[in-house]
Amino acid sequence: MHTQSELLSIYDRNREELVRFSLSIVGDMAAAEDVLQEAWMKFVRVALSQKIDEPLAYLRTIVRTLSIDARRRTQRESARVVADPAALMTVPDDDNPGPERAAIARDELTLLRGAVAELPERTKRALTLYWQEGKTLREVAAALDVSLGQAHALVKDGLEHCRQRLNRPTHIH
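Have a look at this one:
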């Protein structure tokens, strides 16, 4: 277990980066600050009661999860505050996508699978460990027997390749 002063030190050293990370998801500085405050409380509660091998990675995960929740909550609230009640009928329900959204999602998943299949084996494995299995970069590095920097580069290269494939304009033949 970590002491509260150790946890505070981790938080203080990384606070600015965590706020930027949350801000990139929620899009509002006040909301990002709120997320960070809530993340800190959850982080301390857990970290004081059990051993956490990677406290910073755990804190980032909490910030990411809370940021996504905050963004979704804001989107739902925005949908409710509509001057024309009939306009509510046009707000998509993310839990029950319509046929068009489901088809688009299937197409994107097919593109993503194709993009991953194009990757070199080591990059593909790094991406799988990091995103599907939830491993930390340190664990990815150990599994692939590479440095932490190399693991980061492999994951980053894989993600960038996938991002480019998904954003590539479709050509009709």
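Per our numbering, the sequence shown starts with residue 9, numbered consecutively.
Using N, Cα and C, we set each Cβ at its ideal position, and we do this for glycine too.
No experiment lies behind these values; they were computed from the predicted model shown.
### Task
State the DSSP-derived secondary structure class of residue 128, mapped to helix, strand or coil.
coil
#### Entry: Proximity below 7 Å, CB of residue 44 to CB of residue 56
no
### Query
Excluding sequence positions up to five away, which residues of its chain have a Cβ less than 6 Å from the Cβ of residue 168?
Hits under 6 Å: none found.
### Message
Does residue 154 come out as helix, strand or coil in the three-state DSSP assignment?
### Response
coil
#### Entry: Where the alpha helix (DSSP H) containing residue 37 begins and where it ends
Note, residue 37: alpha helix (DSSP H), 37-55.
### Message
Closest to residue 144 by C-alpha separation, out of 32, 30, 67, would be which residue?
### Response
Nearest C-alpha to residue 144: 67.
### Query
Taking all protein chains shown into account, do 16 or more other C-beta atoms lie within 10 angstroms of the C-beta of residue 117, making it buried, or fewer, making it exposed?
When all chains shown are included, residue 117 counts as exposed.
### Task
Quick one: grab the DSSP three-state call for residue 60.
coil
### Task
Express the C-alpha separation of residue 163 and residue 7 in angstroms, rounding to a whole number.
Since the first residue of the chain shown is 9 and the last is 181, residue 7 is not available in this structure.
### Contacts around residue 64, its chain only, beta-carbon distance under 7 Å, and the 5 residues preceding and following it disregarded
18, 22
### Message
Using 8 Å for Cβ pairs, my map puts residue 51 next to residue 15. What's the rounded Cβ distance?
### Response
7 Å
### Task
Could you tell me the distance, in whole angstroms, from the CA atom of residue 181 to the CA atom of residue 121?
Here the model assigns residue 181 a pLDDT of 40, short of 50, so the residue's position is not dependable, and the following value carries that caveat. Whole-angstrom Cα-Cα distance: 21 Å.
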